[in-house]
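> Per the numbering used here, numbering of the sequence shown is gapless, rising by one per residue and ending at 268.
Positions of the beta carbon are idealized from the N, C-alpha and C atoms, including for glycine.
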Amino acid sequence: MIQRFLLLAAIRFVVATHLVGQPTALLGQPAAPLGQPAAAMSPADRSDATFRDDFRDALGSDWQWLRENKAGWRVSDEGLKVLIEPGNMWGGANDAKNVLLRRVPDGWDDAVQVCAELSHKPEKRWEQADLVWYYSDRAMVKIGLEIEHGETNIVMGREERDKTKTLAIIPYADPAVQLRLSVHGNEIHGDYRRLGSTNWVEAGHCTLPKIDAPETPYVSLQFYQGESDSNRWATVNWIEITHVSGEHSPQ
18 MIQRFLLLAA
28 IRFVVATHLV
38 GQPTALLGQP
48 AAPLGQPAAA
58 MSPADRSDAT
68 FRDDFRDALG
78 SDWQWLRENK
88 AGWRVSDEGL
98 KVLIEPGNMW
108 GGANDAKNVL
118 LRRVPDGWDD
128 AVQVCAELSH
138 KPEKRWEQAD
148 LVWYYSDRAM
158 VKIGLEIEHG
168 ETNIVMGREE
178 RDKTKTLAII
188 PYADPAVQLR
198 LSVHGNEIHG
208 DYRRLGSTNW
218 VEAGHCTLPK
228 IDAPETPYVS
238 LQFYQGESDS
248 NRWATVNWIE
258 ITHVSGEHSP
268 Q
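(1) Please list, in chain order, all residues of the same chain as Lys98 whose beta carbon is under 6 Å from its beta carbon, the five residues on each side excluded.
(2) In whole angstroms, what separates the C-alpha of Gln145 from that of Gly243?
(3) Do Tyr235 and Leu118 have their C-beta atoms closer together than 8 Å?
(4) List in chain order: all unbroken beta strand (DSSP E) runs of 3+ residues lying wholly within the segment 57-134.
(5) If contacts are defined as beta-carbon pairs under 8 Å, then Asp154 and Val200 qualify, I think. What distance do you get, rounded to the angstrom?
(6) Kindly give me the distance between the Cβ atoms of Val131 and Arg197, rounded to whole angstroms, as I take these residues to be in contact under 8 Å.
(7) Excluding the 5 residues preceding and the 5 following Glu168 in the sequence, name in chain order all residues of the same chain whose CB lies nearer than 8 Å to its CB.
(8) Ignoring anything shorter than 3 residues, give me the beta strand (DSSP E) runs that lie fully in the segment 166-243, in order along the chain.
(9) So, with DSSP's three-state summary, where would you put Glu144?
(10) For the beta strand (DSSP E) containing His260, name the first residue and the last one.
(11) Quick check: Met173 and Gly221, are their CB atoms within less than 8 Å of each other?
(12) If you drop the 5 nearest sequence neighbours on each side, which residues of the same chain put their C-beta closer than 7 Å to that of Pro192?
(13) Going by other Cβ atoms of all chains shown within 10 Å of its Cβ, with 16 needed for buried, is Gly45 buried or exposed?
(14) Would Val194 and Arg211 qualify as a contact pair, given that the criterion is a beta-carbon distance under 8 Å?
(15) In its own chain, which residues sit with a C-beta less than 7 Å from the C-beta of Glu177, not counting the 5 before and 5 after it?
(16) Given this structure, state the Cα-to-Cα distance separating Thr67 from Glu165, to the nearest angstrom.
(17) State the Cα-Cα distance for the pair Asp74 and Ile205, rounded to the nearest angstrom.
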């Protein structure tokens, strides 16, 4: 009996020692849970990998602020809240505060889908909150909620070397929306849908901006063309970045 007990104990020790340091997937757990940096995943995991952040806790270290105003943003039970301040990213001014950036993981930049849910009640012309595919202050593609022609619209635009082109202005009365940017090769598509809907509506598409030298693409959230002391805040409830395969689908 004692010999049998010692044998079982030895077997358990060998098995436990072998598993120490192995990927958690071997233990039946996800290789990279939602909310963890997608770049940390192994290449084998990346084909259908997803990063998700609901901004309920402290902002992760993979996010970085450009021209940060610490008093103009906070995390909350609803998500990330950002004050809409004066400043602009459309054209050559490039002085908007609290431009939030997250690097696109290596190997994802030619087949990636970015979705976000945000709410915003703009009151001033061109006041906006956007989901953006960003290379630099001079090169990007945006889709968001913006005041134009006296009403709130879904607006999509492309910027290259500070030269801008509006791709879509679509009336949209609701204060909340889900937005999507899909990159496939050199093409990018922008879609939107109302909360509760399962069907995406295409706003527009274009080629990616040409850049002077290889630059790392970033996913960006931008908030600008506000008024001083307006106390108008946009809320980003969540964002999701997914490595995808195949061609763009509007659904």
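Let's see:
(1) Arg91, Trp250, Thr252
(2) 8 Å
(3) yes
(4) 67-70, 80-83, 90-92, 97-100, 116-120
(5) Not really, about 19 Å apart at Cβ, beyond 8 Å.
(6) 7 Å
(7) Pro188, Ala190
(8) 168-177, 180-188, 193-201, 204-210, 218-224, 235-241
(9) coil
(10) 250-260
(11) yes
(12) Ser136, His137, Lys138
(13) In this prediction, Gly45 has a pLDDT of 30, which is less than 50 and means its spatial position is unreliable; what the coordinates show is noted afterwards. Exposed, since its Cβ has fewer than 16 Cβ neighbours within 10 Å.
(14) yes
(15) Ala156, Pro226, Lys227
(16) 34 Å
(17) 31 Å
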